[in-house]
Each structure stands twice: as structure tokens, then as C-alpha cells.
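The listed protein sequences correspond, in order, to chains A and B. Counted from 1, the first sequence has number 172 at position 172 by full-length UniProt numbering; the numbering is strictly sequential. Counted from 1, the second sequence has number 76 at position 76 by full-length UniProt numbering; the numbering is strictly sequential. What follows is one structure encoded as C-alpha cells, with my remarks underneath.
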Amino acid sequence: MAKYKNHILVCGGTGCRASQGEEIVQNLGKVLEENSLENEVQVVRTGCFGFCEKGPVVKMVPDNTFYVQVTPEDAPEIVAEHLVKGRKVERLLFTDPETQERVSESKDMGFYKKQIRIALRNCGFINPENIDEYIARDGYAALGKVLTEMTPEEAIKVIIDSGLRGRGGGGFPTGLKWEITRKVEAEQKYVVCNADEGDPGAFMDRSILEGDPHAVLEAMAINGYCTGATKGLIYIRAEYPLAISRLKIAIDQAREYGLLGTGLFGTDYDFDVELRYGAGAFVCGEETSLIHSMEGLRGEPTVKPPFPSESGYKGMPTNVNNVETYANIPVILLEGAEWFSSIGTEKSKGTKVFALAGKVNNVGLIEVPMGTTLREVIFDIGGGIKDGKKFKAVQTGGPSGGCLTEKHLDIPIDYDNLIACGSMMGSGGMIVMDEDDCMVSVAKFYLDFTVEESCGKCAPCRIGNKRLYEMLEKLTEGKGTEEDLTLLRNLSNVIKDTSLCGLGQTSPNPVLSTMENFADEYAAHVHDGKCPAGQCKSLMQYVISDEKCIGCTLCSRVCPVDAITGDKKEPHLISQETCIKCGACYEKCKFGAISIQ
Amino acid sequence: MAEVKQLVKGLADQHGRTMESLLPILQGIVHQEQHISEDAMVEVARELNISAAQVYGTATFYSFLHTKPLGKYVIRVCKTITCMMHGKNQVIKELESVLKINLGETTHDGKFTLLETNCLGQCHKGPAMLINDEPYTELTPEKVREIIMKYKHQEISAN
């Protein structure tokens, strides 16, 4: 990046691109040319900055000014004010919600203060479609170091000592996995990158692949050298078109530079990577399913052992790691195991990327040291709950995880603590819920997901989850009994104990954890026929207040089933028998006269 | 039929004729034809020298591989809880009314199919949908109406 005096970094993640990121880049380019600045200032499309709530984001380098919610029309002002006159465009700076002051640099923003970026180190800094920018930030240096200065055993030892554990959810020690794969003797071995991210609420892997694809390629080559594999496969889901196109570009560039292919770094080590596309099956995130899918079969899991490290793709030893796990590898090898293991808790080292979504002010992608508390994540980084509402729960670990509550807010997040609370790390999705969210419905949502995504191979998962779903449906309709609650709990435990793969073994977690933490809410559905959050349609009533209704007749006109009666200028009445609870009247009423009870 | 045969042969030449080539070949067929017909499955089985049942097994397992005809533009609306929190249902209602079809159906002119799908990984920008390979985020009923109109105009001017 030496040639230019200034750089303008524009977020090019899927989210910001969909909100006119591309037009911003074009407009900036045009305005720079008009001002004859095109040789001094470079516009760079980067990966995701993480602060998606306030996207599209534009960062000015070298002074690190951080502009939020930029529109294509802002381009002339940014160039004229910031670059020509050297004044910051105040109105585009981030406003601290507490102090109401404008903050110009990201490091002073609450969202970034507690973050440490290791896996996301390059996301938002480099143009992911340009290998030179990755190399300029020590890219491929770790691969060079490992190939020319270290034996595979030495490199594996660094990974083991660093304490890195699998970031896809399981938390298996990465170095150990590599060592097992290395020790098995075979003609051909494979390393596989699992990019079949499918947990509802998770988008870390997509952002890493979109923002820093070379980090994954480099790590896979290192993994290949360490385990004795010469072929790498990336299994990526079809739902991520931008990540796929950036990976393709990255692979081509790496081949062109001789960083993939034959004789890497002048050694006799050969390694190349191929892409494989998923076809919309969540269960393929399970490693044995993923391997079967790559073999052209149905993506059904098989019993472990044998583990893929011993017998995987085409029956050969196969090392499967997740995208985020790989993104950590090059830095660990450059900075050393001691540095990495100094971050985090006793048993969970390093950082974890979380996708913060739901009813929180600052949604986006964050990376924090293991051991950070949920309170810090949701309130300090996330900026608290939207619209001043009350925090109710946070769902972690997707369909395998559970809902944590107020009482868990101060527990340091790591693999073991989350499991102890009845949830799990999962891949890192975090969905924040407020007082308006019904926990029985949340459990039902996840079960609906599991029922659809269960591959159907083993009976507990195929049939059991369906039954769980039906019982939850009964509860949300107000038809549940005390007996159903007992049955729900017992069946959940049976499914956990008897399912074949991780999907079924964890699928009842959303039910069990909500039953444990929100027993009152389940009881209210069963005993009082009420949904405290007012979300379960069958259990709520739309009622018109006599005092507030002025008889404008708007509600009766929009009602699709003619359930509302009343004369003009007289208070109206909703017939509860006829009402289908579509909520049309509630949305239309201009006087706030209709309430949900 | 001859066309399908040609297509399958071309894909097999490109991806190979081993079991591992099955998924890429099926994906290639969907890319061209939007769905995998029974004729195509039989053709793939012949080309790879495996049983048609095996092809059928794989083809029906994955939600992005369709065995029934779909429209030219396949709209997949994310149905994950975060998109639901931000008004996914209103977006679906609007799409149904603009396209005059129900969820899961294809328009009579064979242009649009409306489906729901599991998480698209755009949870920070929900509600989200994919139209073929193009993602759209932060949807509102007004925004989806505009997007669909854009596609419709595109179709009219293409004819």
C-alpha cells in the first residue's frame, strides 16, 4: 500500500454491499478523478468491519476516521471535506448513545473497545480480492516459516501448546486432531475446511471467507504439511455466493504466485485446494455427513469411531477443521503458542468470534477473548437491548445450544462454562431476546428447524424431534397439560442419549434449557392458558378500549372476517369467537385503542 | 431428451465419472434447468454407471437440488428466528400478494418460485432473501415490491 498517500476502506461484506456499498465505491472513484486525486488516494473494497448495525461503513487511512451509515451521495462531501480540506465530516461520525458525543476513531467506540481481533485480523483492513494486500500483512509468512524452518512435528507442537480448540462447536483440541491424522499411515490424506455454516444466527465463517479468504488457504496448506496431506477441499454452502466467488479468486491468485500447487517455497511439498459446494443440508456441518456429501452420497452421518482422522474421505485419513479455527493458525505460528495461550481462560485459549443478532442495539460481528462475560458482550459491545426494552435471554449455540438468562450474564464465556449452564459454544451465533419473545415459541422454532434438517437416518432424531415439536405446538395453542411437560422432559433426555450424531444429541437443548430457566412461562401456558410475552396467537386476545376508541371504523373495514362491530363514532367491539388474530386491526388503529391481552 | 443427454454428458466430461462427481453434476443440472427431471437422473446413472436409485437418493436429500420444476427466479426467504423478529412474515405476505402465489408455489408464467429456507447467515441485516444467487437484505414490504418489479421489468424488456 506504499504508493498512495491515503486510502479509503469501504466495507464490501454481503450486508454492506446490499446496502449500496458498491455505489459508494464507484461514486468515490468518480469524485476522486474529478479532483485529480486518483493517484494519491486509493479506494479499497474490504471484508466486513463487523459493525453491521451502522453499515455501510467507510474508514479513512491513515488517520483512522470511521464513518458510519454512509450513502453514495456522501462521496463528494467526504472527498471535499476530509481529503481536500482536512476536516472531518462530523455528521457521518458515530454518535456514542450514552454521551451523545461524536466518536471519530473505531478504537474509542464501545463496540470495538473490548474486542481483540485475531481470526478477524484482516477483515475490514485489506481487499480480499488482492493477494498482495494479504501478503503485506504477513500473509503466507507462516506457511513459509513452517515449510522452510520447521518439521511437521514442531509445527503441530506449537498448535497443541497454544491450546487452540475447534471453533465449529465441538471444541476438540486442534493440534491433537492434526497429530492423530499425521500418525495414521496412508497413501493419500486430505485436509478439509468445513464452511457449511448453518446455525440459525451464525455468520462468522461467511464473513471470514468474504474478508480474508487467503488466511484459510494458508492455514490449510500448513495443515496439509503437518498431517502429510497434499490435497485440500473446502466444503462451502451454496447460500454464500459472495464467499464462493472470493475463494475462487483467492485460489487462482495463490496458484499464480506459487503458494498453492507444486514445490511450495522451493521445497518438494505440493499442495492444492479444490472447492466443493453444499446443497442446502444443515446436517452436512457434521464432519462424517460432510465427508459423505463430498463422496456424492446422501449427507448422513456414520458412527464414530472410526474418526475421519483415521478413515474419512474415500476411506483415507481426513483432517476436518472449521473456517474460524483455520483463520487462527497462521497468527499462532508467527506469534507463538505462548502468546496465544496467554489470552483466554484456563481451558479455552484465544478469542472467539460471535455473530451478535436479534434485539440488541449493535448487531454485527465481534471477536472477544475467551472469558469475556455475556454482560460485556451484550451491554458493553452490543450496546444493550433495542428500544430500551428489558433483556430476557440470549440463545447461544444455535439449535444445539440453549437460552441463557439474567443469572448467567456474569459467567465468563468459554466452552466448559457454557456447557455447564445447559447451552454450548456452538459456532458462535448469539441471538438476544427481549421481554416480547415467548420462550416456548423459541424452543418450538428450533425444533421446527431440527425436524426439517434431521437427515432421518436414526429413529430418535427423526421421530423424537417431531414428537417434541408437536408437544410444543400443543403448548403454544394452550392445549398442553402437566403430563406433557413431564413427557417433554423425558423424551428430550432419551433423544439426547440415543441419537446417532451431534445434531440429535443436542437438539433437545433449546427445550431443556428454556424449561429449566423459564419454568414459569411454561406453567403459564399450561395452567393459566396465557402467553406472558403475548406472542402465542391462540392464547391472546385483541381488545378495543372503550375509552380510546373514537369509532372511526377503520378497524372494522380492515378485518378480513368481519369480527369487529360498532356504529360510527361509537366504541367498537371485537367478537373473540370470530377473530382469527391476524392483527390487521391492531396495525391499522391510529389511536392505540386496540391492545393485546 | 437429447438435450438432457448432451447436458449430462458435458457435465460428466467436466467433473468426471466417479461417485464424487455426482453432486457437482447434479448441481450443474440445477444450474441449467432449475430442477433435475427423472430423465436427467436416469441419464446421470447411465453416465456414471451407478443405479438410478442412488442418484435419486442423493438428488432428493438436499434442499437446493430440486426434483420438481421451478421458476426462472427462485426466491428463498430466510425463515430464521432473527429474520422473523424483524418482520419476515410481512415480507412473505407482500411477496405472495405481488406474485399472486402462495409460499411454495410457482407463478403461472413459470418465472418466479417462492420458497422459505433456513438461515442465510444475514442475521444482522434481516429479513433476508436470495433470488437465485443474489442476496437481498433489510427487507421491508415496500422494498420487496420494488425488487420484484425490477425483475418483472427486466423480463418484459428481455422479450
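No residue lacks a Cβ here, since even glycine has one placed at the ideal position from N, Cα and C. Bear in mind the structure is a predicted one, so any value in this text is a computation, not a measurement.
Close partners of phenylalanine 445 of chain A in chain B (Cβ separation under 7 Å): Ile81.
For the pair valine 394 of chain A and isoleucine 378 of chain A, the CB atoms are nearer than the 8 Å cut-off. Here leucine 95 of chain B carries a helix assignment [DSSP, helix/strand/coil]. Distances from the CA of tyrosine 151 of chain B to each of B:Ala59, B:Arg46 and B:Lys72 were compared; the closest alpha carbon is that of B:Lys72.
Taking a contact to require three or more Cβ pairs closer than 8 Å, the region 55-71 of chain B and the region 27-44 of chain B qualify as touching. Within the UniProt domain "4Fe-4S ferredoxin-type" (540-569) of chain A, the complete beta strand (DSSP E) segments of 3 residues or longer fall at 542-544, listed in chain order. Here the alpha carbon of cysteine 403 of chain A sits roughly 18 Å from the alpha carbon of valine 363 of chain A.
For the pair proline 305 of chain A and alanine 186 of chain A, the CB atoms are not nearer than the 8 Å cut-off. Lysine 5 of chain B is positioned such that its CB atom lies no closer than 8 Å to that of histidine 35 of chain B.
Just measuring C-alpha positions, the residue of A:Glu570, A:Glu587 and A:Tyr542 sitting nearest cysteine 579 of chain A is A:Tyr542. Note that the C-beta distance between asparagine 194 of chain A and glutamate 346 of chain A is not below 8 Å.
Sequence-ordered contacts of the region 60-81 of chain B with chain A read Phe61, Tyr62, Ser63, Phe64, Leu65, Thr80 and Ile81 [C-beta pairs closer than 7 Å]. In the pairwise beta carbon analysis, the region 501-511 of chain A is classified as touching the region 438-458 of chain A: at least three pairs are separated by under 8 Å.
If you compare the alpha carbons of A:Asp272, A:Asn322, A:Pro62 and A:Gln115 with that of aspartate 205 of chain A, the shortest gap goes to A:Asn322. The beta-carbon distance between valine 25 of chain A and valine 10 of chain A, rounded to whole angstroms, is 5 Å. This is short enough to meet the 8 Å contact definition. Here DSSP, grouped into helix, strand and coil, assigns serine 157 of chain B to helix. Interface annotation, proline 127 of chain B: not in contact with chain A, CB-CB separation never under 8 Å.
Annotation: the region 425-493 of chain A contains the following complete segments of the alpha helix (DSSP H) (minimum length 4 residues), in chain order: 439-453 and 465-476. Straight-line measurement puts the Cα of lysine 314 of chain A at about 48 Å from the Cα of asparagine 159 of chain B.
Under DSSP, proline 412 of chain A forms a beta bridge with A:Thr373. Around arginine 462 of chain A, the same chain offers Ser454 and Gly456 as residues with beta carbons nearer than 7 Å, after the five sequence neighbours per side are excluded. Note that the region 245-260 of chain A touches the region 121-129 of chain A; at least 3 beta-carbon pairs, one per stretch, sit closer than 8 Å. Separation of proline 56 of chain A and phenylalanine 49 of chain A (C-alpha to C-alpha, rounded to the nearest whole angstrom) is 9 Å. Within the region 218-244 of chain A, the runs of beta strand (DSSP E) at least 3 residues long that lie entirely inside it are, in chain order, 231-236.
Aspartate 567 of chain A sits exposed, since fewer than 16 C-beta atoms from the chains shown fall within 10 Å of its C-beta.
For alanine 393 of chain A, the pairing in a beta bridge is given by DSSP as A:Thr405 and A:Met433. Cα atoms of threonine 230 of chain A and alanine 238 of chain A: separation of roughly 25 Å, rounded to the nearest angstrom. Measuring C-alpha to C-alpha distances from isoleucine 419 of chain A to each of A:Thr450, A:Thr351, A:Gly171 and A:Arg489 identifies A:Gly171 as the nearest. In the three-state DSSP reduction, tyrosine 67 of chain A falls in the strand class (E or B). When beta bridges are read from the DSSP output, glycine 261 of chain A appears opposite A:Phe271. If you draw a straight line from the Cα of leucine 554 of chain A to the Cα of glycine 168 of chain A, it comes to about 52 Å. Assigned with DSSP and collapsed to three states, glycine 144 of chain A falls in helix. By the criterion of a C-beta distance shorter than 6 Å, phenylalanine 282 of chain A is surrounded in its chain by Gly198 and Glu453, once the five residues flanking it on both sides are discounted. A check of alpha carbon separations from threonine 325 of chain A across A:Val303, A:Gly312 and A:Ser348 identifies A:Ser348 as the nearest. Under the Cβ distance rule, leucine 120 of chain B counts among the residues neighbouring chain A, one pair being separated by less than 8 Å. Minimum Cα-Cα distance from glycine 163 of chain A among the listed residues A:Thr151, A:Val192, A:Met150 and A:Lys177 corresponds to A:Lys177.
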